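Asker:
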Amino acid sequence: MRISARQRQARLATRHRLAVKAATPEEAAASVVALHGTDPATVFLSAGARLAAPGPEPVERALYADRTLVRMHGMRRTVFVVPAELVPVVHYSSNLVIARRERASTLKAFGAGGWDEAWLKDVEESVLRILAEVGEATTQELSALEPRLREQVRVSVGKPYEGVISLGSRLLGLMAMEGLLVRCGRASATWISSIHRWGLAPEMRELAAAEAQAELVRRWLAGFGPGTEADLKWWTGWTLTEVRRALAAVGAAEVELDEGVGYVLPGDLDEVPEPEPWAALLPALDPTPMGWQARDWYLPPAHRAELFDRSGNVGPTVWWDGRVVGGWAQRANGEVVWRLLADVGAEAAAAVEAAVHEQAAGLAAWLGGVKVTPRFRTPLERGLSAL
């Protein structure tokens, strides 16, 4: 069976909650498997773009009060915000391999300063005892209670990116990757702050790696399918062997795409109805534009130099009816501005402008004067924000 680019755009619109909005942040996150969390603001903006009633309050409640959303490292060593029930799946499918590499790297870096594995283990046990007593603490607070976390080493000596790292900056993240710690409440300031508290991780059900990988692929196909092996390999960061094993485990069905052979879940071959034309302002690193390796079917190659940074991170994008047609930014005064890069035709141009204007007004309203600057800047975002 062949699935056209237009059908893929229709699936994206409804399944990613862009044309049909979600009722809760948990539903919004699950629609795209997980929200990118490297930039704290992305979590709120991505959820807001998918919610019927957007705003920071419901997302903060899910993250810090109800704990129904959890910030954690995951695929490709990227920080994500995932629904709580998905934490074991991400942990056992992806995190443990990453954690082993991170531990070896940490031991190598601090071994040069004379600290060995036994010393590192002793510091870890001290951190666990402290958190068992105090409940939650920031990295700075933990470093005051356990001074060894302040130990520093110089890394990448002689290279352009040479620098100094502290043990706390590496060890606490490593302990979270290993399932010992969890990122808890925001310490202070606004919802765009990256400072959080650490706490002891709750009990986690154990999964075999193959079982966890199959479940993650099942969820990806439900939200992003159809996709190719290359898409899945890129998104997960796994080996091709692992991707193929997981596809076989879920009984994925082969389909024909413009890029070649793609996969969908069994029973997901029926054509889906196209929604009414829709617009969306998605933030930098949003999971939809970052969901596939091959992007021509929704993102024209001519736009990429303006919308991506040199490391491949996407900036804020303007969507119209299933395709990226431009980018947006905030000016210093908080005003949301945009620029269309695609020629959508004279007939559609007025509709696009009206829809995007409405989206921009709604976004500015719930931002409430908060100025969001993406952690990874792109040429178009920089240019628009400077106007």
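Numbering (the numbering used here), first residue to last: 19 to 405. Note that CB positions come from ideal geometry on N, CA and C, so glycine has one too. These numbers come from a predicted model, not from an experiment.
What's the C-alpha gap between Ala41 and Ala219?
Answerer: The alpha-carbon of Ala41 is positioned some 28 Å away from that of Ala219.
Asker: Residue ranges of each alpha helix (DSSP H) run of no fewer than 4 residues wholly in the segment 30 to 101, ordered along the chain?
Answerer: The qualifying runs are 43 to 49, 58 to 68, 74 to 78.
Asker: With distance defined between alpha-carbon atoms, name the residue in Ala205, Pro106, Tyr110, Leu398 nearest to Gln348.
Answerer: Leu398
Asker: Measuring CA to CA, which of Glu120, Val290, Gly153 is closest to Ala194?
Answerer: Checking every option, the nearest Cα to that of Ala194 belongs to Glu120.
Asker: By DSSP, does Trp296 sit in helix, in strand, or in coil?
Answerer: coil
Asker: For the putative contact between Thr96 and Thr124, defined by C-beta atoms under 8 Å, what is the C-beta separation to the nearest angstrom?
Answerer: 18 Å between Cβ atoms; not a contact.
Asker: What three-state label does DSSP hand Glu154 in the structure shown?
Answerer: Here Glu154 sits in strand by DSSP.
Asker: Check the DSSP bridge columns for Leu460 and list the partner residues they point to.
Answerer: Any answer about residue 460 is impossible in this case: the structure gives the chain only from 19 up to 405.
Asker: Three or more C-beta pairs under 8 Å: does that hold for the segment 189 to 207 against the segment 132 to 152?
Answerer: yes
Asker: For Val354, which residues from the same chain have a beta carbon less than 7 Å from its beta carbon, with the 5 sequence-adjacent residues on both sides left out?
Answerer: Cβ neighbours of Val354 beyond the five flanking positions: Trp346, Gln348, Ala378, Leu381, Ala382.
Asker: Out of Ala162, Trp338, Val279, Gly285, state which residue places its alpha-carbon closest to the alpha-carbon of Ala312.
Answerer: Val279
Asker: Which of the three DSSP states is assigned to Leu192 in this structure?
Answerer: helix
Asker: Quick check on DSSP: helix, strand or coil for Gly386?
Answerer: coil
Asker: Give a single yes or no on whether Leu218 has its beta carbon closer than 7 Å to a heavy atom of the ligand NAP.
Answerer: You won't find the ligand NAP in this model; it holds no ligand whatsoever.
Asker: Between the C-alpha atoms of Thr32 and Leu104, what's the straight-line distance to the nearest angstrom?
Answerer: The alpha-carbon atoms of Thr32 and Leu104 are separated by roughly 21 Å.
Asker: Could you tell me the distance, in whole angstroms, from the CA atom of Asp249 to the CA atom of His375?
Answerer: Taking the Cα positions, Asp249 is about 33 Å away from His375.
Asker: Using CA atoms only, rank isn't needed, just tell me which of Asp304, Arg395, Ala59, Ser111 is closest to Ala323.
Answerer: Between Ala323 and the set Asp304, Arg395, Ala59, Ser111, the nearest pair of CA atoms involves Arg395.
Asker: Whole-angstrom Cβ separation of Ala368 and Val343, contact assumed at under 8 Å?
Answerer: The Cβ separation is near 14 Å, so there is no contact.
Asker: So who's on the other strand from Val171, going by DSSP bridges?
Answerer: Ile183
Asker: With 16 as the cutoff for other CB atoms within 10 Å, does Thr254 come out buried or exposed?
Answerer: buried
Asker: Alpha carbon to alpha carbon, how far is Thr156 from Glu169?
Answerer: Rounded to whole angstroms, Thr156 to Glu169 spans 17 Å at the Cα level.
Asker: Let me check understanding here. Comparing Cα to Cα, which of Leu300, Leu275, Glu277, Tyr281 lies closest to Val268?
Answerer: When only C-alpha atoms are compared, the closest one is Tyr281.
Asker: Under 8 Å, do Ala59 and Val290 count as touching if we go by C-beta distance?
Answerer: no
Asker: Among the residues of its own chain, which have a CB less than 7 Å from the CB of Ala232, if the five just before and after it don't count?
Answerer: Ala264, Ala267, Val268
Asker: Please classify Gly401: does DSSP put it in a helix, a strand, or coil?
Answerer: Here Gly401 sits in helix by DSSP.
Asker: Is the beta carbon of Glu247 sitting closer than 8 Å to the one on Arg262?
Answerer: yes
Asker: Please report how far the alpha carbon of Ser211 lies from the alpha carbon of Arg204, in whole angstroms.
Answerer: 8 Å
Asker: Measuring alpha carbon to alpha carbon, tell me which residue in His54, Pro72, Tyr82, Glu45 is nearest Ser206.
Answerer: Checked all of His54, Pro72, Tyr82, Glu45; the closest Cα to Ser206 is Tyr82.
Asker: Considering only C-alpha positions, which residue in the set Gln25, Tyr110, Gly285, Trp137 is nearest to Glu229?
Answerer: Tyr110
Asker: With distances taken Cα to Cα, identify the nearest neighbour of Gly387 among Gly352, Leu69, Asn331.
Answerer: Ranked by Cα distance from Gly387, the options Gly352, Leu69, Asn331 are led by Gly352.
Asker: Does Arg147 pass the burial test, meaning 16 or more other C-beta atoms within 10 Å, or should it be called exposed?
Answerer: exposed
Asker: Which same chain residues end up closer than 7 Å to Met308 when comparing Cβ atoms and leaving out the 5 residues on each side of it in sequence?
Answerer: His54, Val332
Asker: Starting from Gly241, follow the beta strand (DSSP E) in both directions and report where the run begins and ends.
Answerer: Note, Gly241: premise wrong, no beta strand (DSSP E); alpha helix (DSSP H) at 227 to 242.
Asker: Quick check on this structure: which residue in Glu371, Ala47, Trp356 has the alpha carbon closest to the alpha carbon of Gly401?
Answerer: Trp356
Asker: What does DSSP give as the partner residues of Arg20 in its beta bridges?
Answerer: Glu274
Asker: Any idea which residues DSSP pairs Trp337 with across the strands?
Answerer: Ala298, Val342
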